[in-house]
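If you're matching positions, the sequence shown starts at 2 in my numbering and goes up one per residue.
Down below is the structure, laid out as structure tokens.
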Amino acid sequence: MTTSDVLVTADADGVRTLTLNRPQAYNSLTVELKEALLAALREAADDEGVRAVVLTGSGKAFCAGQDLKEHVGLLQAGDPAPLHTVKEHYNPIVKTIVEMPKPVVAAVNGTAAGAGAAFAYASDLRIAAESSSFLMAFANVGLGPDSGASWTLQRLVGYGRAAELMLLARTVDSAEALRLGLVGEVVPDEELPARAQKIAAKLAAGPTVAYAKIKGVLNLAAQSTFDEALAAEDAAQTALGATADHTEAVEAFVGKRKPAFQGK
Numbered sequence: 002m003t004t005s006d007v008l009v010t011a012d013a014d015g016v017r018t019l020t021l022n023r024p025q026a027y028n029s030l031t032v033e034l035k036e037a038l039l040a041a042l043r044e045a046a047d048d049e050g051v052r053a054v055v056l057t058g059s060g061k062a063f064c065a066g067q068d069l070k071e072h073v074g075l076l077q078a079g080d081p082a083p084l085h086t087v088k089e090h091y092n093p094i095v096k097t098i099v100e101m102p103k104p105v106v107a108a109v110n111g112t113a114a115g116a117g118a119a120f121a122y123a124s125d126l127r128i129a130a131e132s133s134s135f136l137m138a139f140a141n142v143g144l145g146p147d148s149g150a151s152w153t154l155q156r157l158v159g160y161g162r163a164a165e166l167m168l169l170a171r172t173v174d175s176a177e178a179l180r181l182g183l184v185g186e187v188v189p190d191e192e193l194p195a196r197a198q199k200i201a202a203k204l205a206a207g208p209t210v211a212y213a214k215i216k217g218v219l220n221l222a223a224q225s226t227f228d229e230a231l232a233a234e235d236a237a238q239t240a241l242g243a244t245a246d247h248t249e250a251v252e253a254f255v256g257k258r259k260p261a262f263q264g265k
């Protein structure tokens, strides 16, 4: 386990868990935390020993979004940094999550607001604690969406619902999040860490090279023509058909045994 002031990293069963660690501020995002998270995500993406990632928060919140105290202080000081944070921090963070060549599971404990909610939307799977809630709070502070939320949210719930959640800045509790499709599963608060680890460990033991291709073709299909999607599927299947994992899976099926995937 690696611990910094603002981010805790732990490895188990091929799963790297990244825990935002500013509980006294509901894990709101300072420049320090954004830079630490981006570096940790990039390291996880490049580490062959990491085959799945869990993103969660410490204390009572997943992530409350931008730290407005730091933000307003910089604005009042005439510092241009707040105007550059989307390009320098938020966009690279969500791109790394979306393009991560391995599954990312968001374990949402408590409040997920603004960019914090967007990080969850960008993840591949979302598991929520019963006490969790989601809030697109941008309009409340006179801003538009960032961190990819304009792209990810409407692909989860549709344009109309996404517009409602952003324009009205309405809090969504875990039960409604499940109904809307914001999350795939809701569990009792005390069960969230173990449940997220179990799912991520199952993914980590799977054909991770295939998971990377699945993520890629899904993301491309969300913004391509049907013919382009077919071509991407064909290319992915051709590449995956030559992998050791595919051969192992076929041999295991014929031999009536459980496959042992290596992510190769």
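Just so you know, even glycine gets a beta-carbon here, dropped at the ideal spot from N, CA and C.
All figures in this text were calculated on a predicted structure; none of them were measured in a lab.
- ILE200 and THR248 have their C-alpha atoms spaced approximately 24 Å apart.
- Under a 10 Å Cβ-count criterion, TYR122 is classified as buried, with 16 or more other Cβ atoms of the shown protein chains found around its own Cβ.
- Here the alpha carbons of TYR212 and LEU8 stand approximately 26 Å from one another.
- Secondary structure note for SER134: it is in no alpha helix (DSSP H), and the uninterrupted beta strand (DSSP E) holding it is 134-136.
- If the five residues before and after LEU39 are omitted, its C-beta is found closer than 8 Å to the C-beta atoms of HIS90, PRO93, ILE94 and THR97, all from its own chain and listed in chain order.
- When secondary structure is reduced to three states using DSSP, GLN67 falls in the strand class.
- Distance from the CA of ASP48 to the CA of SER148, rounded to the nearest whole angstrom, comes to 24 Å.
- Closest in C-alpha terms to ALA46, from the list CYS64, GLY15, THR31 and ARG23, comes GLY15.
- With respect to the C-alpha of THR10, the residue from GLY111, LYS35, ALA197 and VAL54 having the closest C-alpha is VAL54.
- Apart from the 5 residues on each side of it in sequence, ASP174 sits with its Cβ closer than 6 Å to the Cβ of SER134 in its chain, given in chain order.
- Rounded to whole angstroms, LEU181 and GLY161 show a C-alpha spacing of 12 Å.
- Between CYS64 and PHE139, the CB-CB gap reaches or exceeds 8 Å.
- Taking the CA atoms as reference points, ALA261 sits about 34 Å from SER59.
- For the region 162-230, the full-length alpha helix (DSSP H) segments reaching 4 residues or more read 175-181, 193-205 and 209-222 along the chain.
- Between THR86 and PHE254, the alpha-carbon positions lie close to 49 Å from each other.
- Under the three-state reduction of DSSP output, THR97 falls in the helix class.
- For VAL158, the uninterrupted alpha helix (DSSP H) segment begins and ends at 150-158.
- Excluding sequence positions up to five before and after PRO146, its CB lies within less than 8 Å of the CB of ALA119, MET137, PHE139, LEU154 and MET167, all in the same chain and listed in chain order.
- Counting only unbroken stretches of 3 or more residues, the beta strand (DSSP E) elements lying wholly within the region 20-69 are 53-58 and 62-64, in sequence order.
- A distance below 7 Å between beta-carbons, with the five flanking residues on each side excluded, links ASN220 to the following residues of its chain, in chain order: VAL99.
- Per DSSP, the beta bridge partners of ARG17 are ASP12 and VAL54.
- Excluding sequence positions up to five before and after VAL106, its CB lies within less than 8 Å of the CB of ALA53, VAL54, VAL55, LEU56, SER124, ASP125, LEU126, ARG127, ILE128, ALA197, ILE200, ALA201 and LEU204, all in the same chain and listed in chain order.
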